[in-house]
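One structure is given below, encoded as structure tokens.
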Amino acid sequence: MLKRNKYLVVCLIFCSAVAASFSGWSQVTPTAESTERRAPVVLRPNEKTALLSDMREYLKGVQAIISALAQDDMDTVSAVARSLGVINIIDRPLRFPTVSGTQFRDLASTVHMNFEELAIDAKTHRNTKQTLQQLAPLMKRCVTCHENYYLSDKY
Numbered sequence: 286m287l288k289r290n291k292y293l294v295v296c297l298i299f300c301s302a303v304a305a306s307f308s309g310w311s312q313v314t315p316t317a318e319s320t321e322r323r324a325p326v327v328l329r330p331n332e333k334t335a336l337l338s339d340m341r342e343y344l345k346g347v348q349a350i351i352s353a354l355a356q357d358d359m360d361t362v363s364a365v366a367r368s369l370g371v372i373n374i375i376d377r378p379l380r381f382p383t384v385s386g387t388q389f390r391d392l393a394s395t396v397h398m399n400f401e402e403l404a405i406d407a408k409t410h411r412n413t414k415q416t417l418q419q420l421a422p423l424m425k426r427c428v429t430c431h432e433n434y435y436l437s438d439k440y
């Protein structure tokens with residue numbers, strides 16, 4: 286029974302993340318008549334493409350973490366979280382010309398650091414419940430970002 290409840294919690298977190306990712310992030314620049322209330326993060330077209338690709342990788346990574354947690358495979362949890370952690374920030378330096386871009390970047394940096402902490406703790410403590418407790422607020426940051434920002438390649 287306990288194992289089933291743990292699996293249900295993991296599934297709920299994953300479903301919430303998927304729903305937030307697909308419903309809260311627009312790849313279309315809003316028109317003047319739209320009711321878009323999110324702040325634009327203005328990027329060069331190649332930066333926007335790279336960032337959207339990275340976000341898809343993060344979603345795949347969270348799914349892999351959840352699957353590994355369901356199997357109590359903390360080595361995989363740690364490895365996947367590490368791949369989404371701080372080392373990923375260095376891979377793609379982006380230049381954000383707006384205030385909202387800077388705020389977005391700060392939030393993204395926090396998310397990367399949280400993945401890094403999750404990786405270290407998963408390897409050290411090997412505690413599924415603790416890892417889920419770390420993953421929940423991390424996913425909330427993702428949702429917050431998707432609710433408050435959209436990507437635009439229009440200056």
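Each number in the working numbering corresponds to the 1-based position in the sequence shown with 285 added.
For glycine and all other residues, C-beta sits at the position ideal for the given N, C-alpha and C.
| query | When you compare only the Cα positions, how much space is there between Leu403 and Cys430? | reply | Rounded to the nearest angstrom, the two C-alpha atoms are 19 Å apart.
| message | Output needed for Val371: all residues of its chain with C-beta closer than 7 Å, excluding positions within five of it in sequence on either side, in chain order. | response | Hits under 7 Å: His397, Met398, Glu401.
| Coil, strand or helix - Tyr343 by DSSP | Look at Tyr343 here: in three-state DSSP terms it is helix.
| DSSP on Val326, reduced to helix/strand/coil? | Val326 sits in a strand when the DSSP states are folded into three classes.
| query | Is it the case that the Cβ atoms of Ala407 and Ala366 are separated by a distance below 9 Å? | reply | Result yes, Cβ atoms of Ala407 and Ala366 sit closer than 9 Å.
| query | Whole-angstrom Cβ separation of Ser448 and Pro325, contact assumed at under 8 Å? | reply | Here the chain covers residues 286 to 440 and nothing more, so residue 448 does not appear.
| task | May I ask you to report which of helix, strand or coil DSSP gives Leu436? | result | Looking at Leu436 - three-state DSSP - the assignment turns out to be strand.
| task | Measure the C-alpha to C-alpha separation of Asp438 and Thr416 and round it to an integer number of angstroms. | result | Distance between the alpha carbons of Asp438 and Thr416: 36 Å.
| request: Could you name the residues of the same chain whose beta carbon sits closer than 6 Å to that of Phe389, not counting the 5 residues immediately before and after it, in chain order? | output: The beta carbon of Phe389 lies closer than 6 Å to those of Val326, Tyr434 in the same chain, with the five residues before and after it left out.
| Spatially closest choice to Ile405 from Arg426, Thr387, Asp391, Thr361, by CA coordinates | For Ile405, the nearest C-alpha among the options comes from Thr361.
| field | Three-state secondary structure assigned by DSSP to Arg411 | value | Looking at Arg411 - three-state DSSP - the assignment turns out to be coil, as it is neither helix nor strand.
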